[in-house]
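Asker: Numbering (my numbering), first residue to last: 867 to 1231.
C-beta atoms are modelled at their ideal positions from N, C-alpha and C, and glycine is treated no differently.
Keep in mind that this is a model prediction, so the values were computed, not measured.
Here you go, one structure.
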Ligand SMILES: [Ca+2]
Ligand SMILES: [Ca+2]
């Protein structure tokens, strides 16, 4: 009898507790942030991804791909790709993992190399097995490259297309030239063929008129890209199928007579936001976790020259930027790339050229 009463009491307590507990805590109170170095001593890292295996995957420009355990801080090199040629801004750049990595353990990388045609860029798919990368398979190659302006970030869309940014390869006229793959956002099938629903039949080109885009993120089905401007007008754009983004005829917004004429004639897509003086807009990610409530529904942009992380708070429909805030401007120097971990922590990778670091951002404990 006593145990029955006790059980009833516990049951009543649990029932009350359950009915009074909201499904998800609502917390809009800003938290104080702290940063800590996970890894140091990296050489010109370029990409950082948070994998489905809860590990960080990084590239270094010389050709090295490594995995980093964010808990133990152990760095495990997977491969140094031998035909990577690092030259100025060129080398091993962006990387993306197959969205169904358990079934398809594919790692896609973009890098610069020397060919009979000169310095070029290509995307190669590797297979991850036994802590190395094997079976390289070229998806696209012979894209113009240079010691400056090679892009390149990679993403895979929900409909399983590879999205890739390319720079103008120091030849500004290529960005408006539809026969060149330079200065574009490209869209490929995962086997390297051209999707039949691309905007220009028989072409990888998805959008054009780009100078040098080094940040790329999907927010739902909206594709956002950062872009380095010349001496003015760094940009964040929403990438739309078949649109012209203006370079080299337009910097930033269509806001002087020659730009306005070109914009009207070519239906140029203006940026969402621009920066003059330039900040050197690089890596881009999207934050929407409760852990840092004040960052919810924001793009996070890393900058090289300005050395800060810029939060771009989006409106509810993610069509405009409501406000921007700067973070970590006086710490760690140039910031190359950024990603979000499973627990809502944020990782960025520096771009100082030597003794580069992976830094983790969390609420202050
Ligand atoms: Ca533009
Ligand atoms: Ca302008």
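With DSSP as the reference, label residue 1159 as helix, strand or coil.
Answerer: Residue state, collapsed to three classes: helix.
Asker: Who are the Cβ neighbours of residue 867 in its own chain at under 6 angstroms, not counting the five residues just before and after it?
Answerer: With a pLDDT of 49 at residue 867, under the threshold of 50, the modelled position of that residue is not reliable, and no figure is offered here.
Asker: Grouping DSSP H, G and I as helix and E and B as strand, with all else coil, what is residue 1080?
Answerer: DSSP places residue 1080 in coil when its eight states are reduced to three.
Asker: Counting only runs that start and end within the stretch 1111 to 1196, where is the alpha helix (DSSP H) found for 4 or more residues in a row?
Answerer: DSSP runs (the alpha helix (DSSP H)) wholly in the stretch 1111 to 1196: 1123 to 1132.
Asker: Buried or exposed: where does residue 1148 fall if 16 or more other Cβ atoms within 10 Å of its Cβ makes it buried?
Answerer: By the neighbour-count rule (16 or more Cβ atoms within 10 Å), residue 1148 is buried.
Asker: Buried or exposed, going by whether 16 or more other CB atoms sit within 10 Å of the CB of residue 1033?
Answerer: Residue 1033 is buried by the Cβ-count criterion.
Asker: Near residue 878, what residues of its chain come up, given a Cβ to Cβ distance below 8 angstroms and the 5 sequence neighbours on each side ignored?
Answerer: Note that residue 878 scores 42 on pLDDT, short of 50, meaning its location in the model is unreliable and no value can be drawn from it.
Asker: Is there at least one non-hydrogen atom of ligand 1 closer than 7 angstroms to the beta-carbon of residue 1125?
Answerer: Flag unset: Cβ of residue 1125 not near ligand 1.
Asker: Fully enclosed by the stretch 897 to 937, which beta strand (DSSP E) runs are 3 residues long or longer?
Answerer: If we require 3 residues or more, the beta strand (DSSP E) runs fully inside the stretch 897 to 937 come out as 899 to 908, 911 to 916, 922 to 926 and 930 to 934.
Asker: Below 7 angstroms, is the gap between the Cβ of residue 1235 and the nearest heavy atom of ligand 1?
Answerer: No answer is possible for residue 1235: the residues shown for the chain start at 867 and end at 1231.
Asker: Out of curiosity, what's the CA-to-CA distance linking residue 1231 and residue 902?
Answerer: Their Cα atoms are separated by approximately 12 angstroms.
Asker: Quick one: what does DSSP say residue 870 is sitting in, helix, strand or coil?
Answerer: For residue 870, the predicted model reports a pLDDT of 48, less than 50, meaning its position is unreliable; a value from the coordinates is still stated below. Note: residue 870 maps to helix in three-state DSSP.
Asker: Are the stretch 1001 to 1020 and the stretch 1041 to 1050 in contact at 8 angstroms, needing three or more beta carbon pairs?
Answerer: A contact exists between the stretch 1001 to 1020 and the stretch 1041 to 1050.
Asker: Closer than 7 angstroms to a non-hydrogen atom of ligand 2 - does that hold for the CB of residue 1235?
Answerer: Examination of residue 1235 is not possible in this model, given that the chain is present from 867 through 1231 alone.
Asker: What does the Cβ neighbour count give for residue 1212, buried or exposed, with the cut at 16 atoms within 10 Å?
Answerer: Buried, since its Cβ has 16 or more Cβ neighbours within 10 Å.
Asker: Tell me residue 1212's beta-bridge partners as DSSP assigns them.
Answerer: In DSSP, residue 1212 forms a bridge with 1206 and 1227.
Asker: If we call anything under 8 angstroms between Cβ atoms a contact, is residue 950 one with residue 984?
Answerer: For residue 950 and residue 984, no; Cβs fall outside 8 angstroms.
Asker: In this structure, what does DSSP give as the bridge partners for residue 991?
Answerer: DSSP lists 974 and 1003 as partners of residue 991.
Asker: What does the alpha-carbon distance come out to for the pair residue 1090 and residue 1035?
Answerer: C-alpha separation (whole angstroms): 21 angstroms.
Asker: With burial defined as no fewer than 16 other Cβ atoms inside 10 Å of the residue's Cβ, what is the status of residue 943: buried or exposed?
Answerer: Result: exposed.
Asker: Taking the straight line between their C-alpha atoms, what separation do you get for residue 937 and residue 915?
Answerer: Rounded to the nearest angstrom, the two C-alpha atoms are 15 angstroms apart.
Asker: Rounded to whole angstroms, what is the Cα-Cα separation between residue 1101 and residue 911?
Answerer: Distance between the alpha carbons of residue 1101 and residue 911 is about 23 angstroms.
Asker: For the beta strand (DSSP E) that residue 1092 lies in, which residues bound it at each end?
Answerer: Counting along the chain, the beta strand (DSSP E) containing residue 1092 begins and ends at 1088 to 1093.
Asker: Quick one: grab the DSSP three-state call for residue 1221.
Answerer: Residue state, collapsed to three classes: coil.
Asker: Between which residues of its own chain and residue 1204 is the CB-CB distance below 6 angstroms, once the five residues before and five after are set aside?
Answerer: Once the five neighbours on either side are set aside, the close Cβ partners of residue 1204 are 1149, 1151, 1166, 1168 and 1214.
Asker: Looking at residue 1137 and ligand 1, is the gap between the Cβ and the nearest heavy atom below 7 angstroms?
Answerer: Flag set: Cβ of residue 1137 near ligand 1.
Asker: May I ask which residues mark the beginning and end of the beta strand (DSSP E) holding residue 1047?
Answerer: Here residue 1047 belongs to no beta strand (DSSP E), and DSSP marks it neither H nor E.
Asker: Where residue 978 and residue 1045 are concerned, what is the direct C-alpha to C-alpha distance, given to the nearest angstrom?
Answerer: So the alpha carbons of these two residues sit roughly 20 angstroms apart.
Asker: Please report how far the alpha carbon of residue 1164 lies from the alpha carbon of residue 1153, in whole angstroms.
Answerer: One C-alpha to the other measures close to 5 angstroms.
Asker: Taking all protein chains shown into account, decide if residue 1219 is buried (16 or more other Cβ within 10 angstroms of its Cβ) or exposed.
Answerer: When all chains shown are included, residue 1219 counts as exposed.
Asker: Which same chain residues end up closer than 6 angstroms to residue 967 when comparing Cβ atoms and leaving out the 5 residues on each side of it in sequence?
Answerer: If we look at residue 967 and ignore the five residues flanking it on each side, its Cβ neighbours are 918.
Asker: Exposed or buried, residue 1137, counting other C-beta atoms within 10 Å across all chains shown (16 or more means buried)?
Answerer: Buried, by the Cβ-count rule.
Asker: With DSSP run on the structure shown, which of helix, strand or coil describes residue 968?
Answerer: It is coil, neither helix nor strand.
Asker: Do residue 1103 and ligand 1 come close, with the Cβ less than 7 angstroms from some heavy atom?
Answerer: At least one heavy atom of ligand 1 is nearer than 7 angstroms to the Cβ of residue 1103, so yes.
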